[in-house]
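Quick note on the UniProt record's numbering: the sequence shown kicks off at 1 and runs consecutively.
See below for the structure under consideration.
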Amino acid sequence: MSLEVAVAVPFQQRATERLGEGEFVVALSLDRDWFSPDQAKRLVDVAVGRGLVAEEDGDLVARFDPADVTVPEGFAPDESILREQSTFETALDAIVAAGVEKQRAVAGINERQRSLAVSIEAAAVLFAKEHGAAVDQLAADVREELAAAGDETGEGDAAGEGDETDDPTTGAAEAE
């Protein structure tokens, strides 16, 4: 995965798992000349969004072992890694990285979506978990999205809580 390789390089270069954001940006833009400083900052956002790094006290902390990442000779990342991947794409990448053939993964995700009547994102995360792919952060994000969608429709959560109150005179729930 070229995103993981690009993110690992600054950490490997300094033999650490924690870097200041400025050091990270300099490593990618000035040291390697892979990105402009603005693009390198965008890469930080994408890496945080993908769960590869966490921001702690102004530093970037690798959430993987950068030393375990092999950087191919002559590697130069493509600018396409700067775009945010959808939840589905992220889960699919994790499934393929866990050793499942891409076509089989897509078919399995589609089957889960149909049989469970859930979103493609939820189906992808379920399929990923079933196949041992590391998607814990993604699963948390999907849970939040589902909860937010339930709140927007006024359906509340599974316990029946939402924006409704019981009317003591009728025993029925009514919207506020």
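Every residue, glycine too, gets a C-beta built ideally from N, C-alpha and C.
Keep in mind it's a predicted model, so treat the numbers as computed, not measured.
Secondary structure at A134: coil, using DSSP grouped into helix, strand and coil. Across the set D33, L82 and F24, the C-alpha of F24 shows the shortest separation from the C-alpha of Q13. In this structure, the CA atom of A117 is about 33 Å from the CA atom of S2. Between A8 and P66, the C-beta spacing is below 8 Å.
In this structure, the beta-carbon distance from A128 to I95 falls below 8 Å. Counting every other CB atom within 10 Å of its CB across the protein chains shown gives Q103 a total below 16, marking it as exposed. Collapsing the DSSP output to three states places L60 in a strand.
Between the C-alpha atoms of D151 and S29 there is a straight-line separation of about 42 Å. Straight-line spacing of the CA atoms in G51 and V100 works out to 21 Å. Per DSSP, L19 is one residue of the beta strand (DSSP E) stretching across R18 to G20. Within the DSSP bridge table, the entry for V53 names A62 as partners.
Where R104 is concerned, the enclosing alpha helix (DSSP H) starts and stops at K102 to L116.
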